[in-house]
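Undergrad: The structure under discussion is supplied below as structure tokens; questions concerning it will follow.
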Amino acid sequence: MIKLLTMTDLHITPEGETIIGLDTFALFESTLAAAVRDHGDAKALILMGDLTHHGDVPSYRRLAAALRDLPFPVVPMLGNHDRRSAFFEVFADAPRDAHGFVQQIVDFPDHCLITLDTLDGPPYPDKHHSGRLCADRTAWLEQALNGAEGRMTLVFSHHPPFDTGIVGMDMIKMIDGPDFLDLLARYSVGHLFCGHIHRTITGSSRGVPWTMFKSPAHQGVLDLSNPDSSLSVDEPPAYGVLMLSKDQVVAHSQDVFTDVCVMADAASTLI
Ligand SMILES: [Fe+2]
3 MIKLLTMTDL HITPEGETII GLDTFALFES TLAAAVRDHG DAKALILMGD LTHHGDVPSY
63 RRLAAALRDL PFPVVPMLGN HDRRSAFFEV FADAPRDAHG FVQQIVDFPD HCLITLDTLD
123 GPPYPDKHHS GRLCADRTAW LEQALNGAEG RMTLVFSHHP PFDTGIVGMD MIKMIDGPDF
183 LDLLARYSVG HLFCGHIHRT ITGSSRGVPW TMFKSPAHQG VLDLSNPDSS LSVDEPPAYG
243 VLMLSKDQVV AHSQDVFTDV CVMADAASTL I
């Protein structure tokens, strides 16, 4: 059995800045401390994008400081709020593919983990938050899938390639999602994990089972008619615990209750 941890949509800000009144850095520190305390035996922690809220160097520095001295390796991914150049300025040794995208393969005897970079840019048009897996990244993914050699493949993508029914977020999903899903279905991918929505949701698309998790920071709102993609609410932070065996994937979502989680009314911020 292999245990993995996931955290998505950290949205770390520069010091002194909050999101809907929440100190996202303090929430991440508390969530991480709870995960280390209860699951220090995990094989890796996958950070599934939107590491920072503004894609700025000071926020990546805060993240790097928080990740020091962990009992497990960290696999970073990028989301729509990240910026590759600022990320590499701080995480200079982070794995990247031949085109400079933050994508990597993590091998286990019975499982092949593939983490993707769905950040659409540069350039980064203002208020553009959809994701993209361009031709170069798709070709890299296909090569990674071919290298799995009979092992179960688990794919991690910040942006979901499918609709969730949360209208505002569906408008900023992965732009080339249908082709991506076709590829995953063709290779009988064992499970797809996504972030971006800031909610725990499970389902399947074209036969591919998927799971997404809440955030250590602000959460998404289950509003199935509002086209606003910036609806956020203060609910407890959370992380994911994945239990992998040769023929099974179990995904837990664990809420964290902390005194830095100050209750507030539903408010608005871009997620
Ligand atoms: Fe986010």
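If you read the sequence shown in this note's numbering, its first letter stands for residue 3, the second for the next number, and so on.
Glycine residues also receive a C-beta, built at the ideal position from the N, C-alpha and C atoms.
Predicted model only: the values in this text are computed from it and were never measured.
Does the segment 29-41 touch the segment 61-72, meaning 3 or more C-beta pairs lie closer than 8 Å?
TA: yes
Undergrad: Per DSSP, what are the beta-bridge partners of L49 in this structure?
TA: Counted from its first residue, the sequence shown places residue 49 at position 47. BP columns for L49 point to M9, P78.
Undergrad: Of the residues M214, S190, K248, which one's Cα is nearest the Cα of G197?
TA: Residue numbering aside, residue 197 sits at position 195 when the sequence shown is read from its first letter. Minimum Cα distance to G197 is reached at M214.
Undergrad: Do three or more CB pairs link the segment 141-155 to the segment 206-222 at distances below 8 Å?
TA: no
Undergrad: Among all the DSSP beta bridges, which residues are the ones paired with Q256?
TA: Along the sequence shown, one-based indexing puts residue 256 at 254. Paired residues: Y241.
Undergrad: Can you tell me the Cα-Cα spacing of M9 and I48, whole angstroms?
TA: In the sequence shown, the residue the question calls residue 9 occupies position 7. In the sequence shown, the residue the question calls residue 48 occupies position 46. For M9 and I48, the distance between alpha carbons rounds to 6 Å.
Undergrad: Give every residue of the same chain whose Cβ lies closer than 7 Å to the Cβ of P73, excluding the five residues on either side of it in the sequence, and list them in chain order.
TA: Taking the first residue of the sequence shown as position 1, residue 73 is located at position 71. Contacts found: V38, G42.
Undergrad: Within the present structure, is the beta-carbon of D11 separated from the nearest heavy atom of ligand 3 by less than 6 Å?
TA: Ligand 3 is not part of the structure shown, which contains ligand 1 as its ligands.
Undergrad: Report, in whole angstroms, the separation of the C-beta atoms of V16 and P78, which I expect to be a contact under 8 Å.
TA: Working through the sequence shown from its first residue, we reach residue 16 at position 14. Working through the sequence shown from its first residue, we reach residue 78 at position 76. Per the sequence shown, the amino acid found at residue 16 is Pro instead of Val. That pair is no contact at about 19 Å.
Undergrad: Consult DSSP for F93 and reduce its assignment to one of helix, strand or coil.
TA: Looking up residue 93 in the sequence shown gives position 91. Of the three classes helix, strand and coil, the one that applies to F93 here is coil, per DSSP.
Undergrad: Classify D119: buried if its beta carbon has 16 or more other beta carbons within 10 angstroms, exposed otherwise.
TA: Against the sequence shown, residue 119 aligns to sequence position 117. D119 comes out buried.
Undergrad: What first and last residue would you give for the alpha helix (DSSP H) that runs through Q145?
TA: The sequence position of residue 145 within the sequence shown is 143, counting from 1. Looking at the DSSP string, the run of the alpha helix (DSSP H) that includes Q145 is 137-148.
Undergrad: State buried or exposed for V210, treating a residue as buried only when at least 16 other CB atoms are found within 10 Å of its CB.
TA: Taking the sequence shown and counting its residues from 1, the one referred to as residue 210 is at position 208. By the 10 Å Cβ count, V210 comes out buried.
Undergrad: Could you check if R188 is buried or exposed, using at least 16 other CB atoms within 10 Å of its CB as the buried criterion?
TA: As a first step, residue 188 must be located in the sequence shown, where it is residue number 186. It counts as exposed.
Undergrad: By how many angstroms is the C-alpha of S227 removed from the C-alpha of I168?
TA: Here residue 168 corresponds to residue number 166 of the sequence shown, with the count starting at 1. Here residue 227 corresponds to residue number 225 of the sequence shown, with the count starting at 1. Going by the C-alpha atoms only, they are around 7 Å apart.
Undergrad: Please return the same chain residues whose Cβ sits closer than 8 Å to the Cβ of T26, not counting the five positions on each side in sequence.
TA: Start at 1 with the first residue of the sequence shown, and residue 26 comes out as number 24. Beyond the five residues adjoining it in sequence on each side, T26 comes within less than 8 Å, by CB distance, of L12, H13, I14, T15, T20, H55, P218, A219, H220 in the same chain, given in chain order.
Undergrad: Please state if the CB of L194 and the CB of V157 are separated by a distance shorter than 7 Å.
TA: Taking the first residue of the sequence shown as position 1, residue 157 is located at position 155. Taking the first residue of the sequence shown as position 1, residue 194 is located at position 192. Taking 7 Å as the cut-off, the Cβ atoms of V157 and L194 count as close.
Undergrad: Cβ atoms of V92 and R139: under 7 Å apart, would you say?
TA: The residue given as residue 139 occupies position 137 in the sequence shown. The residue given as residue 92 occupies position 90 in the sequence shown. It is not a contact, given that the beta carbons lie outside the stated cut-off.
Undergrad: In angstroms, rounded to a whole number, what distance separates the CA positions of M154 and G179?
TA: As a first step, residue 154 is located in the sequence shown; it is residue number 152 there, counting from the start. As a first step, residue 179 is located in the sequence shown; it is residue number 177 there, counting from the start. Separation of M154 and G179 (C-alpha to C-alpha, rounded to the nearest whole angstrom) is 21 Å.
Undergrad: If the criterion is Cβ atoms closer than 7 Å, does the pair L80 and G51 meet it?
TA: Counting from 1 along the sequence shown, the entry for residue 80 is found at position 78. Counting from 1 along the sequence shown, the entry for residue 51 is found at position 49. Yes, they are a contact pair.
Undergrad: Any beta carbon from chain D within less than 7 Å of F30's own beta carbon?
TA: Note that chain D does not occur in the displayed structure, where there is just one protein chain.
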